[in-house]
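Using the working numbering, read the sequence shown as starting at 1 and increasing by one per residue. C-beta atoms are modelled at their ideal positions from N, C-alpha and C, and glycine is treated no differently. Okay, so here's the structure we're looking at.
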Amino acid sequence: EPASIAGGCICCLPDDGGLDVALARLADPKLRLDAIIVEASGLADPVAVSRIIRFSGVDGVRPGGVVDVLDAATHFDTVDRDAT
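As structure tokens, then:
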């Protein structure tokens, strides 16, 4: 069952934004989950999201990796446009 975090994107949450509560609920050993997947918005900084999870304070929760999805057809045009 998905757990939502009030306040929008994980990268924009204040310290009391509910992330620890959601992670603690999902990390409950009774659920026997192998992994918790955190989906952030396209504007999120992957390093910041990983850091937020790493320092969440929830026992047994740690970042395991980052997967970025991008639009291959327009990616380089966007990067080149934003670099100027």
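Would you mind reading off the limits of the alpha helix (DSSP H) that contains residue i?
i   : result
I37 : Counting along the chain, I37 falls outside any alpha helix (DSSP H), and DSSP gives it neither H nor E.
L31 : It is not in any alpha helix (DSSP H) - L31 carries neither H nor E in the DSSP assignment.
A72 : That residue, A72, is in no alpha helix (DSSP H); it is neither H nor E in DSSP.
P46 : P46 to R54
Please look up how many angstroms separate the CB atoms of residue i and residue j, rounded, as I've assumed it's under 8 Å.
i   : j   : result
V58 : D20 : 6 Å
R62 : R54 : 6 Å
Between the options, which has its C-alpha nearest residue i's C-alpha?
i   : options          : result
D68 : S41, I36 and F55 : S41
Going by beta-carbon coordinates alone, are residue i and residue j separated by less than 7 Å?
i   : j   : result
L26 : I36 : yes
S56 : L23 : yes
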